[in-house]
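Only one structure is covered here, and it is reproduced in the block below.
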Amino acid sequence: METGRRNFLKIGGLCTLGLGSLRLVDAIAKTEEPKFLLNVQALSAKRWAMAIDMKKCWEKGRPGCTDCTLACHSTHNVPDIGTQKEEIKWIWEEKYENVFPRQESGMEPEAIREKPFILLCNHCTNAPCTRVCPTKATFKRPDGITMMDFHRCIGCRYCMAACPYGARSFNFRDPRPFIKTELNTTFPTRERGVVEKCNFCEERLAAGKIPACVEACKCKALCFGDLEDPKSDVRKALASQFSIRRKPELGTEPGVYYVI
Amino acid sequence: MKMYDGKYILAGLIVFIVLATFPVWFTHGKAAPPPELKLDTPVIAKMANKQCVLPKEEMITGHMKLLNDWRTQVVRDGKRMYVASDGKTYEMSLQNECMKCHSNKTLFCDKCHNYAGLQKDADPYCWNCHIAPKENK
Amino acid sequence: MLERALTGSTRYKRLLGVLLVFMGLGFAAYLTQWNRGLTITGLSRDVSWGLYIAQFTFLVGVAASAVMVVLPYYLHDIKAFGKITILGEFLAIAACTMCALFVLVDMGKPMRLLNIFIYPTPNSILFWDVIVLNGYLLLNIFIGWNVLEAERKGTHYPNWVKPLIYLSIPWAVSIHTVTAFLYAGLPGRHYWLTAIMAARFLASAFCSGPALLIMLSYLVKKYSKFDPGKEAIDKLTTIMTYSMLISVFFVGLEFFTAFYSNIPGEMDSLKYLFIGLDGHHNLVPFMWLFAILAISGVVLLLNPNVRKNEKMLLAAAACVFFSMYIEKGVGLIVAGFIPNPLDQVHEYFPSLPEIMIALGIWATGFFILTVLYKIAISVKEEVA
Chain A
1 METGRRNFLK
11 IGGLCTLGLG
21 SLRLVDAIAK
31 TEEPKFLLNV
41 QALSAKRWAM
51 AIDMKKCWEK
61 GRPGCTDCTL
71 ACHSTHNVPD
81 IGTQKEEIKW
91 IWEEKYENVF
101 PRQESGMEPE
111 AIREKPFILL
121 CNHCTNAPCT
131 RVCPTKATFK
141 RPDGITMMDF
151 HRCIGCRYCM
161 AACPYGARSF
171 NFRDPRPFIK
181 TELNTTFPTR
191 ERGVVEKCNF
201 CEERLAAGKI
211 PACVEACKCK
221 ALCFGDLEDP
231 KSDVRKALAS
241 QFSIRRKPEL
251 GTEPGVYYVI
Chain B
261 MKMYDGKYIL
271 AGLIVFIVLA
281 TFPVWFTHGK
291 AAPPPELKLD
301 TPVIAKMANK
311 QCVLPKEEMI
321 TGHMKLLNDW
331 RTQVVRDGKR
341 MYVASDGKTY
351 EMSLQNECMK
361 CHSNKTLFCD
371 KCHNYAGLQK
381 DADPYCWNCH
391 IAPKENK
Chain E
398 MLERALTGST
408 RYKRLLGVLL
418 VFMGLGFAAY
428 LTQWNRGLTI
438 TGLSRDVSWG
448 LYIAQFTFLV
458 GVAASAVMVV
468 LPYYLHDIKA
478 FGKITILGEF
488 LAIAACTMCA
498 LFVLVDMGKP
508 MRLLNIFIYP
518 TPNSILFWDV
528 IVLNGYLLLN
538 IFIGWNVLEA
548 ERKGTHYPNW
558 VKPLIYLSIP
568 WAVSIHTVTA
578 FLYAGLPGRH
588 YWLTAIMAAR
598 FLASAFCSGP
608 ALLIMLSYLV
618 KKYSKFDPGK
628 EAIDKLTTIM
638 TYSMLISVFF
648 VGLEFFTAFY
658 SNIPGEMDSL
668 KYLFIGLDGH
678 HNLVPFMWLF
688 AILAISGVVL
698 LLNPNVRKNE
708 KMLLAAAACV
718 FFSMYIEKGV
728 GLIVAGFIPN
738 PLDQVHEYFP
748 SLPEIMIALG
758 IWATGFFILT
768 VLYKIAISVK
778 EEVA
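Residue numbers (the numbering used here), protein chains in the order written: chain A, 1 to 260; chain B, 261 to 397; chain E, 398 to 781.
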């Protein structure tokens, strides 16, 4: 009886293996014509980047203007949870000392110290968040966008610990009842338990449109384009003015530049 | 061959078999009729050739796999256009493309999913994030 | 052998009953989290890991108890450890199980757990941590069970177990190293970004694991006919003493680097922990308790008379265990998030349901431990 059971298990194991390899044969034997294509009107780049001209924002914008945030958050159905604890934000404002901690001299002009700076995901070239994600739910696209795959995220929040810029928000609860802006029915909402952040409007780029925040800014303080293209708006803006990036010492190579 | 604790084993086996076959004998003769899916939306009504991205049979059995493949292409590879076998191109989007024609989620998606006994609002969980079209009920 | 867990004294059954009540309460609290999400915890956008991950981090250390008895016995042939290797291995099983449960309850989408294996990602330390922890769990189950079964039958354990035993030794080092790497490789988290993080984890594991083992051995001796043996406890005490000294030394190193260099980012988290930062000082009492316990433990252990006195030794072991618990299970994780990347302080304190879930998992671990120890002790009593 003893050997009988063993043999049964051996044969059973081999059969299972054999059945499993059938899928492999299927996969190899399959030859399909390409059925998936890029959108023809899509905007494309080698490395998407943004330059934010804070001077333009402060000088030309009306005080308290939040057009970019509003445009982004209504485009992407970003909820307003109403508490600091569970806040969800893709693009928002902070003071100089918080945006560039340890870089303040204490002697800056009052305007710099008091005026709001605009923050969003930096879409780093060496993004720590994508390095730590255990499922590749957040990953780098070839065009430099740090993308979120909400279907795959397991909500471990390792990316939030890894991001040195505080760009990531977690859905502690179902966000739908908290969407205060008019629902954008062409873009999904998120589910409880996943992390979210700015996506550089990849869904708008695919449809040939520039990011919602850039489009919404009436004083043209936000400038978006291909960093590898010397003729792009971003490159021109950066070539003519001095700019800084957040925490450059970390080697993350942010894709968002600040002109002050 | 002697069987130890035979009465317990047999009693346990009988209970197991009764429980395992419960759905079969409990509903015997009372099978629910398969749902009739409504295709009478305004957009479909205007179509000359009422054809989905794949033949009907393939859509019935394989729409979940197709949607999953689309998802992978769009989210992970950034490709958004699908070329059907008849050469027509579609935008790969459940929310913006599928539901343009099938604007009657409750009479189309839900009807069959309910019939198949999928948990309401949880399985499939597409609609936790994707926004269903407005319907006049 | 499992049937031995089903019979036992009233005390044994009562203990299991109490643990079951806590497990039930924890499970009920987890059901609310399942239904309402992590909003029921004290976690926030800025402190996105808290009690759960801190418990996990501490318990990885406790799992080291096994290697500290297995290594001397199998590599250095110190016979005294032969009697208690099983206690170390079974403690590791309970600890690893708790680790896995703490990671599970921390997930926002637990039903997608298998994504970690469906999309294996070698560049993620978390992926490796899942592998080494489950591997260590399996190793200890296989080794402990087979060695105990052989002992019961009065035979030598099967030969294929031996390579697993040798493998389990470096494997134990790997679980601490990999868990430390979870934190030590993140840019912008100054408190965690330290090269001695893995060394600190090993040192604190090698004192908190043996400390718990010493306390458990005492309970085993008191409530059963099995005596783990004085020599083994003495040797464990030596290991614990050295490791505790090294642990405290390592914490001192962090202070030196931060405060002598005077770099604000390096100092802020330590300031937050011990004196408070920008008027926020939730953890200050805990950290001073840590300091008092750690110093008491060291002072007690350095005295040879204390090490020989059973009651005093237990007090010292308790000091070591709870000081390391506060350092890893309370301070380390939360302080990594304070101040946040924008140099603001948003504090964290666990919510009641969060604490209940954590207690429930601890109860689960002790339930497993009680059952396994019951089996091991029954076998030992039978053989003796």
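Where is the CB? At the ideal position from N, CA and C, for every residue including glycine.
Test: A:Gln103 CB closer than 8 angstroms to a CB of chain E
no
Apart from the five residues on each side of it in sequence, which residues of its chain come closer than 6 angstroms, Cβ to Cβ, to B:Thr301?
Ser363 and Asn364.
Drop a sphere of 10 angstroms on the beta-carbon of A:Ile88, count the other beta-carbons inside from all chains shown, and report buried for 16 or more, exposed for fewer.
buried
Strictly under 8 angstroms for the Cβ-Cβ distance: is B:Lys360 near chain A by that measure?
no
Paired residues, beta bridge with A:Leu36 - DSSP:
The sequence as given places Phe at residue 36 of chain A; Leu does not occur at that position. In the DSSP output, where bridge partners are listed per residue, A:Phe36 has B:Tyr342.
Where the beta strand (DSSP E) through A:Gly225 begins and ends
Leu222 to Asp226
Quick check on this structure: which residue in B:Asp383, B:Met263, B:Asn388 and B:Lys394 has the alpha carbon closest to the alpha carbon of B:Met324?
B:Asp383
Could you tell me whether the region 400–413 of chain E touches the region 739–753 of chain E, where touching means 3 or more Cβ pairs closer than 8 angstroms?
no
What does the alpha-carbon distance come out to for the pair E:Ala463 and E:Thr454?
Rounded to whole angstroms, the separation of the alpha carbons of E:Thr454 and E:Ala463 is 17 angstroms.
Could you work out which residues of chain A lie near B:Met324, taking near to mean beta carbons separated by less than 7 angstroms?
Chain A residues near B:Met324: none, gap ~13 angstroms exceeds 7 angstroms.
Which of helix, strand or coil DSSP assigns to A:Met147
strand
At a CB-CB cut-off below 9 angstroms, which residues of chain A make contact with E:Tyr516?
Annotation: Cβ neighbours of E:Tyr516 in chain A (cutoff 9 angstroms, chain order): Pro134, Thr135, Lys136, Ala137 and Arg152.
Within the same chain, show all residues whose beta-carbon is closer than 6 angstroms to that of B:Val334, passing over the 5 residues directly before and after it, in chain order.
Arg340 and Met352
Would you mind telling me which residues of chain A sit closer than 7 angstroms to B:Lys339, beta carbon to beta carbon, in chain order?
Phe36, Leu37 and Leu38
Please check if any C-beta of chain B sits within less than 8 angstroms of the C-beta of A:Ala206.
Under the Cβ criterion of 8 angstroms, A:Ala206 is counted among the residues facing chain B.
Against B:Asn364, what residues of chain A qualify as contacts under a CB-to-CB distance less than 9 angstroms, listed in chain order?
The premise fails here: B:Asn364 is roughly 16 angstroms from chain A at the closest Cβ pair, so nothing lies under 9 angstroms.
Endpoints, the alpha helix (DSSP H) within which A:Asp53 is located:
No alpha helix (DSSP H) contains A:Asp53, which is instead part of the beta strand (DSSP E) from Trp48 to Asp53.
To the nearest angstrom, report how far apart E:Thr654 and E:Arg442 are at their CA atoms.
29 angstroms
So, is the C-beta of E:Asp740 closer than 8 angstroms to a C-beta in chain A?
yes
Boundaries (first-last residue) of the alpha helix (DSSP H) holding E:Ile643
E:Ile643 -> alpha helix (DSSP H) spans Lys627 to Ser658.
CA-to-CA distance, E:Ala691 to E:Val703, given in whole angstroms:
16 angstroms
How long is the line joining the alpha carbons of A:Met1 and E:Arg433, rounded to whole angstroms?
Interpretation of A:Met1 is limited by its pLDDT of 48, a score under 50 that renders its predicted location unreliable; the figure taken from the coordinates is listed afterwards. So the two alpha carbons sit approximately 53 angstroms from each other.
Please report the straight-line C-alpha distance between A:Ser105 and E:Phe746, rounded to a whole angstrom.
Annotation: A:Ser105 to E:Phe746 spans about 34 angstroms, alpha carbon to alpha carbon.
Below 7 angstroms on C-beta distance, what does A:Asp149 contact in chain B?
Val335 and Arg336
Just the chain B side, please: which residues come within less than 8 angstroms of A:Arg131 by C-beta, in chain order?
Proximity of chain B to A:Arg131 at the Cβ level (cut-off 8 angstroms) is not reached, the minimal Cβ distance being about 17 angstroms.
For A:Ile118, name the three-state secondary structure that DSSP assigns.
strand
Rounded to the nearest angstrom, what separates B:Ala291 and E:Gly421 at their Cα positions?
40 angstroms
Alpha carbon to alpha carbon, what distance is there between E:Phe499 and E:Gly447?
Distance between the alpha carbons of E:Gly447 and E:Phe499: 11 angstroms.
Output yes or no for whether 8 angstroms exceeds the beta carbon distance between E:Ala596 and E:Phe671.
no
So what does DSSP say about E:Ile502, is it helix, strand or coil?
It should be pointed out that residue 502 of chain E corresponds to Val in this sequence rather than to Ile. Correct three-state label for E:Val502: helix.
Between the Cα of A:Gly61 and the Cα atoms of A:Ile118, A:Asn98 and A:His73, which residue gives the shortest distance?
A:Ile118
Please confirm if B:Tyr350 has its CB atom under 8 angstroms from at least one CB of chain A.
No, its Cβ sits nowhere closer than 8 angstroms to a Cβ of chain A.
So, at 8 angstroms on beta carbons, what are the nonlocal neighbours of A:Arg173 in its own chain, with the 5 sequence-adjacent residues on each side left out?
Ile81, Glu86 and Arg192
Burial state of A:Thr189 (16 or more Cβ within 10 Å)
buried
How would you call A:Lys220, buried or exposed, if buried means at least 16 neighbouring beta carbons within 10 angstroms?
exposed
Look up A:Lys140 in the DSSP assignment and say whether it is helix, strand or coil.
strand
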